[in-house]
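Residue numbers (our numbering): 16 to 249.
Each remark here refers to the structure printed beneath this line.
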Amino acid sequence: MNENTRIKTLAAATAHAWDAFVIVVGMLKGGTGKTTSAWFIALYYAVVLELPTLLLDADATSQSAYDWFKVAQAAGFEIPENLVVERYPFDDIAEYIRAEFGAIVVDAGGGSSRIFHEAVTEANLLLVPVAPTKIERRKLVATFDEAERAAARNERDVTAHVVLVKADDRTSLPRNAKDKLLQPAEGEGIGPDRDEPFPLAETTIHSWVHYMEAFGEIPTELSEYAELMKELTA
Ligand SMILES: Nc1ncnc2c1ncn2[C@@H]1O[C@H](COP(=O)(O)OP(=O)(O)O)[C@@H](O)[C@H]1O
Ligand SMILES: [Mg+2]
Numbered sequence: 016m017n018e019n020t021r022i023k024t025l026a027a028a029t030a031h032a033w034d035a036f037v038i039v040v041g042m043l044k045g046g047t048g049k050t051t052s053a054w055f056i057a058l059y060y061a062v063v064l065e066l067p068t069l070l071l072d073a074d075a076t077s078q079s080a081y082d083w084f085k086v087a088q089a090a091g092f093e094i095p096e097n098l099v100v101e102r103y104p105f106d107d108i109a110e111y112i113r114a115e116f117g118a119i120v121v122d123a124g125g126g127s128s129r130i131f132h133e134a135v136t137e138a139n140l141l142l143v144p145v146a147p148t149k150i151e152r153r154k155l156v157a158t159f160d161e162a163e164r165a166a167a168r169n170e171r172d173v174t175a176h177v178v179l180v181k182a183d184d185r186t187s188l189p190r191n192a193k194d195k196l197l198q199p200a201e202g203e204g205i206g207p208d209r210d211e212p213f214p215l216a217e218t219t220i221h222s223w224v225h226y227m228e229a230f231g232e233i234p235t236e237l238s239e240y241a242e243l244m245k246e247l248t249a
């Protein structure tokens, strides 16, 4: 990887020597791509940036990030030595934000606004993955409402981004979704009048079989998520 990027990212990751760079992947809806995103981002930090990385499964209902780890382990995949995967035992998430990790990626799940709120309170970066369909976008307003309440209690200058995932460029869906996110109709955006644009990341995660089949494996093709994290931590 580019040495400059590495140094910049390391600097961002260690800006406060006493704590880790915390990335929360959350959206108050199931099936949007949170667990897949959390795994690819954790692998990017562990394998590409070589940082001690914690992937925290905070999904109270399904714990698929942790299952992914167990399945990969049982299947004989080599788990990067500097990657730790833990289940969140539903007490204080802040206890996990430990100095020994350079990066902490939290899969906040989609079922609990309380856990989502608590995770965002500790985050440096909130990523909200959303597929380019109407039904997926509908929960964004509620997600950002909750994120804003949590951000008010956050002491880390958290920034939030929507990430378009499962984008198939052979269709008009990604283009339409981007338009709707950047020029929302009244009531479908953020801000006091709910008409302000969502902070959409430029990098798009495409709909790839690679992602659909990644569960229970340790994928090595991390390019799109690498691009995304470079964009958001530059
Ligand atoms: N970029 C992508 N392209 C295609 N399928 C994806 C992509 N990301 C996730 N998926 C698939 O979407 C489904 C839901 O993903 P998952 O990460 O489990 O979402 P969540 O954790 O939000 O419930 C899974 O079947 C997964 O394989
Ligand atoms: Mg999940």
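Yeah, the Cβ is synthetic: ideal placement off N, Cα and C, and Gly gets one too.
Since the structure is predicted, the reported quantities are computational estimates derived from the model, not experimental observations.
6 Å Cβ shell around residue i - same chain, five flanking residues per side excluded
i: residue 209; result: 202
i: residue 157; result: 43
i: residue 40; result: 49, 52, 53, 122, 142
i: residue 69; result: 99, 116, 119
i: residue 12; result: With the chain covering only 16 through 249, there is no way to say anything about residue 12.
i: residue 30; result: Because the pLDDT of residue 30 is 46, which lies under 50, any placement of that residue in the model is unreliable, and the number read from its coordinates should be weighed accordingly. There are no such residues.
i: residue 219; result: 179, 182
Cut-off 7 Å between Cβ atoms - residues of its own chain near residue i, not counting five sequence neighbours on either side
i: residue 130; result: 73, 75, 123, 124
i: residue 67; result: 97, 115, 116, 117
i: residue 222; result: 181, 182, 183
i: residue 133; result: 108
i: residue 78; result: 72, 102
i: residue 144; result: 40, 42, 47, 48, 49, 52, 178, 180
i: residue 128; result: 43, 161
Under the three-state DSSP convention, the category residue i falls into
i: residue 118; result: strand
i: residue 185; result: coil
i: residue 51; result: helix
i: residue 2; result: The chain is shown from 16 up to 249; residue 2 falls before or after that span and cannot be answered.
i: residue 157; result: helix
i: residue 168; result: coil
i: residue 102; result: strand
i: residue 248; result: helix
i: residue 68; result: strand
i: residue 123; result: coil
i: residue 90; result: coil
i: residue 58; result: helix
i: residue 97; result: coil
i: residue 136; result: helix
i: residue 82; result: helix
i: residue 149; result: helix
i: residue 29; result: Its pLDDT being 47, under 50, residue 29 is placed unreliably by the model, and the measurement read from it follows with that caveat. Of the three classes helix, strand and coil, the one that applies to residue 29 here is coil, per DSSP.
i: residue 112; result: coil
Which residues DSSP lists as bridging residue i, in chain order
i: residue 196; result: Its beta-bridge partners do not exist; DSSP assigns none.
i: residue 13; result: Nothing can be reported for residue 13: it is not among the residues displayed for the chain, which extend from 16 to 249.
i: residue 176; result: 142
i: residue 205; result: 211
Beta-carbon contacts of residue i that lie in its chain and below 8 Å, excluding the five residues immediately before and after
i: residue 212; result: 196, 197, 198, 199, 204, 205
i: residue 237; result: 55, 58, 59, 62, 63
i: residue 169; result: 135, 136, 137, 138
i: residue 233; result: 58, 87, 92, 93, 94, 95
i: residue 214; result: 174, 175, 176, 177
Any beta strand (DSSP E) of 3 or more consecutive residues that is wholly inside the stretch 207–246: Taken in chain order, no unbroken stretch of beta strand (DSSP E) lies wholly in the stretch 207–246 with a span of 3 residues or more.
Give me the pocket residues for ligand 1, defined as CB within less than 5 Å of any heavy atom, sorted by chain position. 45, 46, 47, 48, 49, 50, 51, 180, 181, 220, 222, 226, 227
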